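Everything below concerns the one structure shown next.
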């Protein structure tokens, strides 16, 4: 029972990170139709911003804020520079554009900073564990779950109450019509990228806190996972992305916990195979929908 | 596949590409040093690989990240089977006995068939695996499918690394026999080229390209998009497996990483630079990009050795590839070749090969259809969330009859057409076609039961030529005709609608009115018994809509079709239709001859509202059109 609860919390923490990443991806996809491969590099940028901030003697909490701000800014710039010229192109074109952006950023990190990992000193209090009725829960996991919950709540309020938020939800259902309603497309797109950058920044901090270092390829793997989560949840559906992130994390954590040792090298492959089987049953994803044909 | 081969263009195009490549490569084989020969061989293998990607991605429009996985899989299978036994004992000690001792040496006419047999085994196994994986992937929509292929790449990589007994994990396989030289590679380039071109130009390929352009419209002419995608996926996977075998026996030493993101990225760049939707483009892209990679690699070495003591600059190649992709996507989005093949660019190739240029042969008299039976819609409802867009509506249509379906905006007319044609799932009720229940049938099967439709927003296959639009429908409806006859049939249909002169134009470049006509010509290729037209006169001026009226009446008279016409142009409806059904809020509120319906107070109320209905008269034909 104990191990079960422990694993449940692990899955929740991991799922939170995936959900934040997936939500950012889904937000951008729903307004632009772009699957942003360079999303992971936003996490990496958070890492490097924190690394340089800490190296400059800035205290850890402020470095965290700077890191998240850097990711947000980078996301907005990315849209401005790379994605605006291909805004009206098909999905394949935009996907490849983002793939190229991602590769260029990798190379810049490698050449301008370092190919080797840079350590980010995490404060001691974050490394410990809290003892809760016989269960020891990592501080980082508690932080992950708290941060995810707060962020998702704040985002829900923003999307439901503010004009821009409502415009974003409308845009995720039908962007052309939203534009006809007089909503400024550039504002919606920039906000979508800004939010996706913010979410990636937070996810980056949570990821870094567990790893303690940043390297040029850091963001690649988690974002691949987030892609899978987005498709699993239903491409373009915001709640679907969050759900997909948690489902994927639960599959991963259960496999890690309960798979026989011989099978562990195949863990990743088994996870993805399970997801593809789920998609066989529901090709449009868990919360996806079919569009009407006119 | 019998009777499904077409287009002499496929062979002409393959030859136009292959001959110069072969000549230059063979010259290189004679004059170049070993290292350059290696580069050349590698380039030829990359051509095979890019043709594999192109056969799927080019025809389906779905970006694949997964084909490098098939290359890796086949490379590791052929590796495990061909490494000499002494080396197997050292590097793969845990190999099961049957594999360690496997011997595939067979002699035929003094030739050792070992590699041929092993290569074939690898290709067959990988093709079969790909077929199984393709079943879920071919059902996914474009972006989701692309991500699923990405997942596939990671899965297969994980499996290859995890299966240590067979593959040495992430370490390199050593001692795979190297025997691929320029002439051998050329043979396989020729094979891959012919396979890729033949598939693209086959009727299956045409159907798939139609689905790439517009999937709902493709379903509506009978294309089973899932099945076509699965076929393309399997064919392309076999080519990828072939490329993997070639690469294995070219490199001799390779690790699973060789077949991961970097390779995928390089091949995708080749595809994009040349033009994703063109086989010729893929080949030319492979040549250009390989050359570029080679130059960048040399520069990188030069910079690192000449300027610095140790390697300090990384990934110049990757940055170059990325910039190439961005450059192409920003400035020439469809790549160098766009949607064209080399023989189309060369122009006039038909004359070189002594083939006839399109000529419409008049007088292929339309066949009158059987007049028994009816299309019956019984108490159909379609629910979207809480909205009953169509609510307990019934209507029937007989061959030889023109039925008008009118109603205010949002009354459920288009939804009704969607329910009949299978584009939408019906929530309640049934649709009966000449005594067969078609309620649950998918759209492409309903189309093959000879129910055609047009769309409110024109849905042509924009990047295909006009004649290809019609041929796709001929192919998908199961018409079995030889290539030349099919061309004639398509042209005759186009002539009937007055668009035969535009046969070789891209459909998207036609004027609006002509596009509407082409859409009808395409629907007629199904030899429909019933034709559903969604606002055929929308956006037409009076003269154009008069012409349309004549054409539609002509179709009924010459073929005896049953026509269901949705339109807001009441003048057209009143003059054309034998009977009119009026929908309001999803329900049938009136039905009868045009004059009866026009005088019906319920109809007037639905159109004009209660208060105004009391003072106004019926929506007379003379009032002209109501804007949609």
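Protein chains in written order, with my numbering: chain Z, 58 to 351; chain F, 37 to 664. A virtual CB, placed ideally from N, CA and C, is assigned to each residue, including glycine. Fair warning: this is a prediction, and the values are worked out from it, not measured in the lab.
What residues in its chain sit with their C-beta under 6 Å from that of residue i, if we drop five residues either side in the sequence?
i: residue 240 of chain Z; result: 224
i: residue 636 of chain F; result: 626
i: residue 458 of chain F; result: 477, 478, 479 and 482
i: residue 273 of chain Z; result: 163, 166 and 167
i: residue 110 of chain Z; result: 120 and 123
i: residue 271 of chain F; result: 91 and 235
i: residue 82 of chain F; result: 322 and 326
Does residue i come within less than 8 Å of chain F when only Cβ atoms are used?
i: residue 309 of chain Z; result: no
i: residue 340 of chain Z; result: yes
i: residue 161 of chain Z; result: yes
i: residue 146 of chain Z; result: yes
i: residue 280 of chain Z; result: no
i: residue 198 of chain Z; result: no
i: residue 232 of chain Z; result: no
i: residue 292 of chain Z; result: yes
i: residue 101 of chain Z; result: no
i: residue 157 of chain Z; result: yes
i: residue 284 of chain Z; result: yes
i: residue 174 of chain Z; result: no
Work out the CA separation of residue j and residue i for me, nearest whole Å.
i: residue 196 of chain Z; j: residue 117 of chain Z; result: 16 Å
i: residue 194 of chain F; j: residue 325 of chain Z; result: 7 Å
i: residue 518 of chain F; j: residue 290 of chain Z; result: 46 Å
i: residue 247 of chain Z; j: residue 159 of chain F; result: 47 Å
i: residue 334 of chain F; j: residue 144 of chain Z; result: 35 Å
i: residue 593 of chain F; j: residue 294 of chain Z; result: 49 Å
i: residue 100 of chain Z; j: residue 316 of chain F; result: 39 Å
i: residue 605 of chain F; j: residue 567 of chain F; result: 18 Å
i: residue 499 of chain F; j: residue 245 of chain F; result: 9 Å
i: residue 193 of chain Z; j: residue 307 of chain Z; result: 19 Å
i: residue 487 of chain F; j: residue 494 of chain F; result: 18 Å
i: residue 381 of chain F; j: residue 298 of chain F; result: 32 Å
i: residue 416 of chain F; j: residue 461 of chain F; result: 11 Å
i: residue 496 of chain F; j: residue 310 of chain F; result: 25 Å
i: residue 259 of chain Z; j: residue 229 of chain Z; result: 23 Å
i: residue 340 of chain Z; j: residue 177 of chain F; result: 8 Å
Applying a beta-carbon distance threshold of less than 7 Å, which residues of chain F neighbour residue i?
i: residue 325 of chain Z; result: 190 and 194
i: residue 71 of chain Z; result: The premise fails here: residue 71 of chain Z is roughly 17 Å from chain F at the closest Cβ pair, so nothing lies under 7 Å.
Taking 8 Å as the threshold (beta carbon to beta carbon), is residue i in contact with chain Z?
i: residue 164 of chain F; result: no
i: residue 292 of chain F; result: no
i: residue 463 of chain F; result: no
i: residue 32 of chain F; result: An answer regarding residue 32 of chain F cannot be provided, because it is not within the stretch 37 to 664 covered by chain F.
i: residue 301 of chain F; result: yes
i: residue 361 of chain F; result: yes
i: residue 369 of chain F; result: yes
i: residue 42 of chain F; result: Legend: pLDDT at residue 42 of chain F = 47, less than 50; position of this residue unreliable, no value from coordinates given.
i: residue 176 of chain F; result: yes
i: residue 272 of chain F; result: no
i: residue 439 of chain F; result: no
i: residue 97 of chain F; result: yes
i: residue 568 of chain F; result: no
For residue i, I'd like the list of residues in its chain whose CB is within less than 7 Å of its CB, leaving aside the five on either flank, ordered along the chain.
i: residue 139 of chain Z; result: 154 and 158
i: residue 310 of chain Z; result: 64, 67, 68 and 71
Which same chain residues, not among the five before or five after residue i, have their C-beta less than 8 Å away from its C-beta?
i: residue 316 of chain Z; result: 324 and 327
i: residue 165 of chain Z; result: none
i: residue 535 of chain F; result: 502, 546, 550, 553, 554 and 557
Which residues in chain F sit within 9 Å of residue i, going by Cβ to Cβ distance?
i: residue 117 of chain Z; result: The contacting residues do not exist; residue 117 of chain Z stays about 31 Å from chain F at best.
i: residue 178 of chain Z; result: Going along chain F, no residue has its Cβ under 9 Å from residue 178 of chain Z, so there is no contact; the nearest lies around 27 Å.
i: residue 92 of chain Z; result: 179, 182 and 183
Provide the residue(s) that pair with residue i in DSSP beta bridges, ordered along the chain.
i: residue 418 of chain F; result: F/426
i: residue 598 of chain F; result: F/566
i: residue 542 of chain F; result: F/501
Quick one: which chain Z residues come within Cβ less than 8 Å of residue i?
i: residue 151 of chain F; result: Going along chain Z, no residue has its Cβ under 8 Å from residue 151 of chain F, so there is no contact; the nearest lies around 29 Å.
i: residue 512 of chain F; result: In chain order: nothing, as chain Z lies at least about 17 Å away.
i: residue 312 of chain F; result: 149
i: residue 605 of chain F; result: Going along chain Z, no residue has its Cβ under 8 Å from residue 605 of chain F, so there is no contact; the nearest lies around 18 Å.
How would you list, in chain order, the residues of chain Z whose beta-carbon sits under 7 Å from the beta-carbon of residue i?
i: residue 583 of chain F; result: Result: empty, since nearest Cβ-Cβ is about 24 Å, beyond 7 Å.
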